[in-house]
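Visitor: Taken in sequence, the protein lines are chains X and U. Residues in the first sequence are numbered from 10 upward in steps of one, following our numbering. Residues in the second sequence are numbered from 19 upward in steps of one, following our numbering.
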Amino acid sequence: MKKKRSVIEIISTVRFLHILLAIILGFAVGALFLTVMGISVGDAYGKLLDSVTTVKGISYVIVYATPYVMTGLSVAFSFKTGVFNIGAEGQFVVGSMAAAVTGILLKALPKPVLIPLCFIAAMAAGALWGIIVGILKTKWGINEVLAMIMFNWIAFYLSNYIAGLPGIKNTGTAEATQSLTENARTLLSKETISRLGLAPTANWGILVAVAAMILVWFIIEKTTLGYELKAVGSNRFAAEYGGIGVNRSILTALAISGALAGLGGALHLMGMGNRISIFSAQEGFGFGGIVVALIGCSNPFGALAAGLFYGALTYGGSKLNLVGAPTQLTSVIIGTVVFFIAISVIFERLGGGIRARRNAAAREDKQKREAQKTPPEAAPGGAPDQEKKEGEAK
Amino acid sequence: MTDVINSLGILLFATLAYGTPLIYASLGSCFSEVSGVVNIGIEGMMTAGAFTGTVVAYFTGSPWIGFLCGGLAGMLFGALHALATVRLGADQTIAGTAINMLGPGVVIMIARVLFDSTDTIPLTTEQRMPRLLAGVFDTGTTFGRFMDNVFSTYASTYLVFVAVIIVWFVFYKTRFGLRMRACGEHPEACETLGINVLKTRFLCVCLSGFLSGLGGACVTMAISNQFRPISIVGQGFIAIAAVIFGKFRPHGALVGCLLFGFCSGLKTVLGGSSGIDTQLISMIPYVVTVLVLILFVGKSRVPSANGKPFIKAR
């Protein structure tokens, strides 16, 4: 008997199609808002597309995306290990500040020594921030979401405090740290930038992010450590019974997750940022990372793709003013995408329902042993059933 | 002595001013979490309420209509969250994150259309939340000034304490409260007893949106007089933290919010005079919360079915 697969069923089994559909719906809702506001959809989306498809545009997108890829990886890694790292924001901030302090105080060191030092300092600071929360959780049973929200703000004010210290603070009027010297920056050479017509802040940070992505994939999929972390994430009691040290696993997971976010802070600072301002509100790289991890299905490769998408919308969105469309349009688009990803489980349930019914029909077929080919129920069967279920619920 | 009493008055005023929006939002969060739905979209719902409250108050001239509409705007996003998580069985964290992006995105776009700016036009005194008992106390005397600081606070602050009592009563003294808490612990058992889990949860998430919206409106209509994109920066998350702090009980959350408000107030009072760096002083509320957790509160038990979508059996 030939299996006929309905559209809904195909969508239900291919995760990538959910995401694609969610993205299309996100842009559709954005278009709806634009139409209501009386702004030409073609103008706005045309501007968005134009600004990210030139060579310069692409280089900007990569520069914008790099920190989000890193925080996305951090959050995705934490999801795999059963912790929700809402603290990536704070880990990013302390990582960034550690890199800045290292870069400013040791500016005499040569570039090949200084840059790795900055990276290490940032990863250590991020990991420390993760471990503190891990200790609070494993030693005193303090809810990690609550602790992370607190440590996000502690990191924020700590960074502001350090940025104002003598020796770190800008000697000019700017409320910021000193700028990093050339030997602590990851920028491409001036010749390359002008020859290829790239963004002035074009840097090789993305390569580090890609290396981190491969490393994360390797740890999760190919090592004993990754296996243990995943086991704790899916069922900590079973893992404990199986002889895995749960507390140690949680601490390790938070340390790695924190180090990834911290390195993201360093890459942002040493590439695009140059110096750290005294902020009045959180910048949201960590929260963006949550969105990136969700769009990327908590998968390291997904985090790279989603990070680039996020970077493209952030950079493209900043150009929307030129056609009179508000920058916040991109928040609405991304929010809608995430919303539809959240409710995409409905496809899985619809598809599962169709499969279950076809299997039942097939069994009936077999029992009756009828030679006639009764076609299995097709897609439209799914919808009324869902409605019935909805009706019941009401 | 006069100085001390003055400072104490200002400290208590600031405690209540900072605490009020948090209390509203944390009451909302309690409803949602206790019924079994994780709601990290409180922040987005507060932003919606903060914007709508000031805009409606600006156009109608009535702070109360504005305040109510702020709640309703929050409820709208609450309903969206409920639709996704309760009806469609969506992942609650993902849906909440979406709400946090959509809330500010939508309202700031509307602000751009209405005011051609991301900020709203500042409210006049009549349009703002009224200060009850203003002018009752003689501010000429030290004691009068103290009383004026503490008691002539915004009407929304008085209202929030009434709300806490009502919510506490609903939680622990009504049939609905019992059912709601049961839905968060063991929805399958509830369903066999004939409790409509989906309906109960839907209502609770909508209520959480409404209360968060009111909290947001307090920020822009009482403490400040206009909506700006940085009006709501993290208060929603602090409210969630207060609920975890208070072990998912409304009166516990109240204590958490007041502690947080008090520490924020300390920041205002110490700010100029003490010689300690303001950034370090700003850290106090967060550090104190962590210390109190370690020393006094400890482990907080999350409702068993919290975060798990309930799918009705066929």
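All C-beta atoms in this analysis are idealised placements derived from N, C-alpha and C, irrespective of residue type, glycine included.
(1) Ignoring anything shorter than 4 residues, give me the alpha helix (DSSP H) runs that lie fully in the stretch 239 to 315 of chain U, in order along the chain.
(2) Using a Cβ-Cβ cutoff of less than 7 angstroms, which residues in the same chain neighbour I23 of chain U once the five nearest sequence positions on both sides are dropped?
(3) Look up S286 of chain X in the DSSP assignment and give the residues it is bridged to.
(4) In terms of DSSP beta bridges, what is N212 of chain X paired with?
(5) Reducing DSSP to helix, strand and coil, say where R149 of chain U ends up.
(6) Under 7 angstroms between C-beta atoms, does R246 of chain U make it to chain X?
(7) Which residues, in order along the stretch 265 to 291 of chain X, keep a beta-carbon less than 9 angstroms from a beta-carbon of chain U?
(8) With contact counted as at least three CB pairs below 8 angstroms, one residue from each stretch, are the stretch 215 to 229 of chain X and the stretch 200 to 207 of chain X in contact?
(9) Going by the CB atoms, is the gap between A113 of chain U and A129 of chain U shorter than 7 angstroms?
(10) For a cutoff of 7 angstroms on Cβ pairs, would you count A68 of chain U as touching chain X?
(11) Name, going along the chain, the residues of the stretch 297 to 329 of chain U whose beta-carbon falls closer than 7 angstroms to a beta-carbon of chain X.
(12) Between the alpha carbons of M157 of chain X and G295 of chain X, how many angstroms are there, rounded?
(13) What first and last residue would you give for the alpha helix (DSSP H) that runs through V347 of chain X?
(14) For T111 of chain U, which residues in chain X fall below 7 angstroms Cβ to Cβ?
(15) Alpha carbons only, please: which of U:M19, U:I28 and U:G46 is nearest the one belonging to H269 of chain U?
(16) Put K178 of chain X into one of helix, strand or coil per three-state DSSP.
(17) Along the stretch 253 to 270 of chain U, where does the CB come closer than 8 angstroms to a CB of chain X? Name the residues.
(18) Does the beta-carbon of E399 of chain X have 16 or more other beta-carbons within 10 angstroms, so that it is buried, or is it exposed?
(19) Do you know whose CA, among X:N244, X:I124, X:I342 and X:I350, lies nearest A53 of chain X's CA?
(20) Leaving out five residues on either side along the sequence, give the residues of the same chain with a beta carbon under 8 angstroms from the beta carbon of N179 of chain X.
(21) Between which residues of its own chain and M93 of chain U is the CB-CB distance below 7 angstroms, once the five residues before and five after are set aside?
(22) Which residue or residues does DSSP assign as beta-bridge partners of Y172 of chain U?
(23) Would you please verify whether the beta carbon of M127 of chain U is less than 7 angstroms from any beta carbon of chain X?
(24) Just mark V180 of chain U as buried or exposed, buried being the case when its beta carbon has 16 or more other beta carbons within 10 Å.
(25) Assess, as a yes-or-no matter, whether the stretch 116 to 127 of chain U is touched by the stretch 59 to 74 of chain U under the definition of 3 or more beta carbon pairs within less than 8 angstroms.
(26) State the DSSP-derived secondary structure class of Q395 of chain X, mapped to helix, strand or coil.
(27) Does the beta carbon of A181 of chain U come closer than 7 angstroms to any beta carbon on chain X?
(28) Indicate the three-state DSSP secondary structure (helix, strand or coil) for M64 of chain U in the structure shown.
(29) Consult DSSP for E144 of chain U and reduce its assignment to one of helix, strand or coil.
(30) Comparing C-alpha positions only, which one of U:K330, U:V188 and U:L288 sits nearest to S25 of chain U?
(31) Taking the C-alpha atoms as reference points, what is the distance between Q145 of chain U and P81 of chain U?
(32) In this structure, how does DSSP classify E249 of chain X when only helix, strand and coil are distinguished?
(33) Please go through the same chain and pick out, in chain order, the residues whose beta-carbon is closer than 7 angstroms to the beta-carbon of F133 of chain U, but skip the five residues on each side of it.
(34) Determine the burial state of A2 of chain U: buried for a count of at least 16 other Cβ atoms within 10 Å of its Cβ, exposed for fewer.
(35) Hey, A108 of chain U and I352 of chain X are a contact pair by Cβ (cut 8 angstroms); roughly how many whole angstroms apart?
Guide: With the given structure in hand:
(1) Unbroken alpha helix (DSSP H) runs of no fewer than 4 residues, entirely contained in the stretch 239 to 315 of chain U, are found at 253 to 263, 268 to 291, 296 to 300 and 302 to 310, following chain order.
(2) So the qualifying residues of the chain are T160 and F164.
(3) Looking at the DSSP assignment, S286 of chain X forms a beta bridge with X:A185.
(4) For N212 of chain X, which the question treats as bridged, DSSP gives the partners X:L196.
(5) Reduced to three states, the DSSP call for R149 of chain U is strand.
(6) No, R246 of chain U does not count as interfacial toward chain X.
(7) Under the 9 angstroms Cβ criterion, the stretch 265 to 291 of chain X contributes I287, S289, A290 and Q291.
(8) When C-beta atoms of the stretch 215 to 229 of chain X are compared with those of the stretch 200 to 207 of chain X, fewer than three pairs fall below 8 angstroms, so the two segments do not count as touching.
(9) No. Outside cutoff.
(10) For A68 of chain U, the answer is no, since every Cβ of chain X falls outside 7 angstroms of its Cβ.
(11) For the stretch 297 to 329 of chain U, the beta-carbon criterion of a distance under 7 angstroms to any beta-carbon of chain X is satisfied by Q297, L298, S300, M301, Y304, V305, T307, V308, L311, I312, G316, K317 and S318.
(12) Rounded to the nearest whole angstrom, the C-alpha separation of M157 of chain X and G295 of chain X is 11 angstroms.
(13) L338 to A351 is the span of the alpha helix (DSSP H), which, as asked, contains V347 of chain X.
(14) Within chain X, the residues whose beta carbon sits less than 7 angstroms from that of T111 of chain U are F93, listed in sequence order.
(15) Of U:M19, U:I28 and U:G46, the residue nearest in Cα terms is U:G46.
(16) Looking at K178 of chain X - three-state DSSP - the assignment turns out to be strand.
(17) Within the stretch 253 to 270 of chain U, the residues whose Cβ lies closer than 8 angstroms to some Cβ of chain X are F255, I256, I258, A259, I262 and F263, listed in chain order.
(18) Model confidence at E399 of chain X stands at a pLDDT of 42, short of 50, so the residue's coordinates are unreliable and nothing is read from them.
(19) Out of X:N244, X:I124, X:I342 and X:I350, X:I342 has the C-alpha closest to the C-alpha of A53 of chain X.
(20) Here the set comprises A185, T186, Q187, S188 and R284.
(21) Excluding positions up to five away in sequence, the list reads C224, G227, F228 and G231.
(22) In the DSSP assignment, Y172 of chain U forms a beta bridge with U:R149.
(23) It does: the Cβ of M127 of chain U has a partner Cβ on chain X nearer than 7 angstroms.
(24) Classification for V180 of chain U: exposed.
(25) By the Cβ criterion, the stretch 59 to 74 of chain U is in contact with the stretch 116 to 127 of chain U, since at least three pairs of Cβ atoms, one from each stretch, lie closer than 8 angstroms.
(26) Because Q395 of chain X sits at a pLDDT of 43, beneath the cut-off of 50, its placement in the model cannot be relied upon, and the following sentence gives the value as read from the coordinates. Per DSSP, reduced to three states, the secondary structure at Q395 of chain X is helical.
(27) Not one chain X Cβ lies under 7 angstroms of A181 of chain U.
(28) DSSP, reduced to helix, strand and coil, places M64 of chain U within a helical segment of the structure shown.
(29) E144 of chain U falls in the coil class under three-state DSSP.
(30) Restricting attention to U:K330, U:V188 and U:L288, the CA atom closest to the CA of S25 of chain U is found in U:L288.
(31) Looking at the two C-alpha atoms, the distance is approximately 5 angstroms.
(32) Correct three-state label for E249 of chain X: helix.
(33) Closer than 7 angstroms at Cβ, skipping near neighbours: I139.
(34) Only positions 19 to 332 of chain U appear in this structure, which leaves residue 2 of chain U out of reach.
(35) Correct: roughly 5 angstroms between the Cβ atoms.
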